[in-house]
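The first sequence maps to residues 6 to 587 in this note's numbering.
No residue lacks a Cβ here, since even glycine has one placed at the ideal position from N, Cα and C.
All of these numbers come straight from a predicted model, not from anything done at the bench.
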Amino acid sequence: MTTPGQRRILVTSALPYINGVKHLGNLAGSMLPADVYARFQRLRGHDVLYICATDEHGTPAELAAQAAGMSVRAYCDEQHEIQKKAGEGFELSYDYFGRSSGEENARLTQHFAHVLEAEGLIEERVMEQVYSIDDGRFLPDRYVEGTCPHCDFEKARGDQCDNCGRLLDPVDLIDPYSAVSGSKNVEVRETRHLFLLQSKMQDTIRQWVEQSKDWPQLARSIALKWLDEGLRDRAITRDLSWGVPVTNPDGSIREGFEKKVFYVWFDAPVEYIGATEEWSKATGQPDAWRNWWRTDEGADNVEYIQFMGKDNVAFHTVSFPVTIIGSKEPWKLVDQLKAFNWVTWYGGKFSTSNKRGVFMDQALDLLPADYWRWYLTANAPEGSDAAFTWEGFQASINSDLANVLGNFVNRITKYCASKFDGQVPSAGETGEAEAWMVSELETRLPQLFEHYENMDFRKAAAETRAIWAAGNEYLTKAEPWVKYKSDVDAAAVGVRTGLNLAALFGIIAQPIIPKAARMILDALGIPEDNRTLRADRIGRDGYGGLLDALPHGLAITPPDVLFRKIEDDQVTAWTEQFGGES
RNA sequence: GGUUCGGUAGCUCAGCUGGUUAGAGCGCAUGACUCAUAAUCAUGAGGUCGGGAGUUCAAGUCUCCCCCGAACCA
């Protein structure tokens, strides 16, 4: 059911890899901004579908499972639940959080492979690869270790040397051995793999990228860089058992590929579609995914926006489009994408082993999700890498959330409770202070919405804060506590306006700090229907109505302290525990 | 190494197609207020916009060189 002016917006955030809980940087660079954006657009009344999933295939998952002494399946089941829980803890409002190991993705991946082969974009090629005689199998890149031919580092991985950082081909390693068994009984043998002929799509992709004028500079320049260097044909299969089987169009296993599966980079982006199908089944409407993805079945009016870290831009702007466009089928292509830089830990890298940085699960043990959500949105790594520091975090939370917003709600609701029986007062006429406040809203709310539309998250947070701050300024101008002494009705106007502002502040806070917003709105008894930012409610007849929207006489309850301040000794303790000051 | 992006008040950052006295938040100082989580509000101090050269009537904003930082290179 669509209403006039309602848009259909598909949002995806880069799929977190299954291998372990993500840290705050991962959260800040794709899942969180995607969530904030999805929430905003839902509040505007649009039809939003926000899809994410765990990316489960590939060598790292196999190795991690092996290290944990578990089967890959069981390992992924466990890790998926952990990541799902962490997402819920952070109130990430996925419509569905799927799994790339699901049957939907397998079927879609195989479908794309069949179609691409029929289009002449996939072919079998013979290549040389390291075979482990003792393990009885070919070894994919990271399963081979040996001495780096460039720097003589003795524990170089097959794909890359951790010492000198150079990319390697496993067959070039000196004294190679199997990372699976440690066996040195290995040799180079010929084997066959499927190759995606990206080079054939070079011109088509370039044309598509060049017409995508709205992309941010970061994304465009990365895509064009790849195109300038020339798209290379890449193997899309690997010698693993954990992955999507390589099939013939009739569903049987392709001859010679019994021990091979599609490589993770080929099947992972397909999971955007796969997870949508999972959603569709889970919600009892098995074909609903099609009108989000098939432009011949209703997806032509969908706006598709992808969120990702900068490392993923090439896959989203070049690799995946090769699959989609190359299929010549009417699949939905991305319209807008938002790429982020990294959140660093005091300027350095997050590191599990060195105990540097906070991971999603640990963060929630320390403080509520809203605190992190606010800081990471207000300081999103948009223009460049952004450093997380405890000191900056503390300053931001205490000032923005506790002092500016929390204290505002607290002061006005408590004053109302003590002087006006906890009811929205009805007396008094508005004056200069209220007119000033209206003019603030007239300029600031449209700006706020524009920042969100542009996906400028720092600016959106800053504008949100500025509106909260204007509320405090308003109270200084209205000074109901002074007027109360001589003219109770005049004070009533200030209290009524202040309460309405608190409600508005809660409403605009929802995308970033949903839980605190809910506490405010619940305390003020705002019905669900009135918590939106829809154009027919906000500003349609001017902004003055927002200051007298609550029913007169409505009973309100001062909420508990919304945000507890972060104390210096907490900062000290956390710096100790999680590292800091690089 | 190549490419890209950055280097603006103590800190974190805004500054669109070049044009009045370079802005915000935090921090700091002073004042005001007392409804409030010692919160809030006002005012103020602080910058030769990384360095150098050039284009222009005019450059943080364009060009070139250099220094520093970050990222990407399948």
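- In the same chain as Gln-428, and ignoring 5 residues on each side of it, the C-beta atoms closer than 6 Å to its own belong to Gly-558, Ala-560, in chain order.
- Closest by C-alpha distance to Gln-367, out of Pro-9, Lys-90, Trp-486, is Lys-90.
- A residue is called buried when at least 16 other Cβ atoms come within 10 angstroms of its Cβ; Ala-440 does not meet this threshold and is exposed.
- Classified as buried, Ser-285 has 16 or more neighbouring CB atoms from the shown chains inside 10 Å of its CB.
- Straight-line spacing of the CA atoms in Tyr-309 and Lys-337 works out to 8 Å.
- Judged by beta-carbon spacing, Phe-568 lies beyond the 7 Å limit of Gly-397, meaning their Cβ atoms are not closer than that value.
- Taking the C-beta atoms as reference points, Trp-347 is found nearer than 7 Å to Gly-30.
- In the three-state reduction of the DSSP assignment, Asp-219 falls in the coil class, being assigned neither a helical nor a strand state.
- Just so you know, the alpha carbons of Leu-551 and Asp-238 end up roughly 58 Å apart.
- The straight-line gap separating the alpha-carbon atoms of Pro-373 and Lys-520 is approximately 9 Å.
- Taking a cut-off of 8 Å for Cβ pairs, the region 15 to 33 and the region 60 to 74 touch, as three or more such pairs fall below it.
- Annotated three-state conformation of Val-53 is strand, per DSSP.
- Taking the Cβ atoms as the reference, Ala-471 lies roughly 49 Å from Phe-267, outside the contact range of under 8 Å.
- For Ser-389, no beta strand (DSSP E) run applies, since DSSP gives it neither H nor E.
- According to DSSP, residue pairing for Arg-243 in a beta bridge involves Val-266.
- Between Lys-205 and the set Ile-227, Leu-232, Gly-503, Thr-580, the nearest pair of CA atoms involves Leu-232.
- Ile-571 and Tyr-380 have their C-alpha atoms some 13 Å from each other.
- For Ala-497, the CB contacts under 6 Å within the same chain, skipping 5 residues up- and downstream, are Pro-430, Ala-432, Gly-433 in chain order.
- Straight across, the Cα-Cα distance linking Leu-223 with Phe-425 is about 54 Å.
- Annotated three-state conformation of Leu-406 is helix, per DSSP.
- Counted as a single uninterrupted DSSP element, the stretch harbouring Lys-189 is not any alpha helix (DSSP H), since DSSP gives it neither H nor E.
- Sequence-distant Cβ neighbours of Ala-184 in its own chain, meaning closer than 6 Å and more than five residues away, are Tyr-148, Glu-150.
- For the 7 Å CB-CB criterion, Lys-27 and Met-313 do not form a contact.
- Separation of the CB atoms of Pro-564 and Ile-525 is rounded to 6 Å, and the pair is thereby assigned contact status at 8 Å.
- Ile-138 and Glu-108 have their alpha carbons spaced roughly 32 Å apart.
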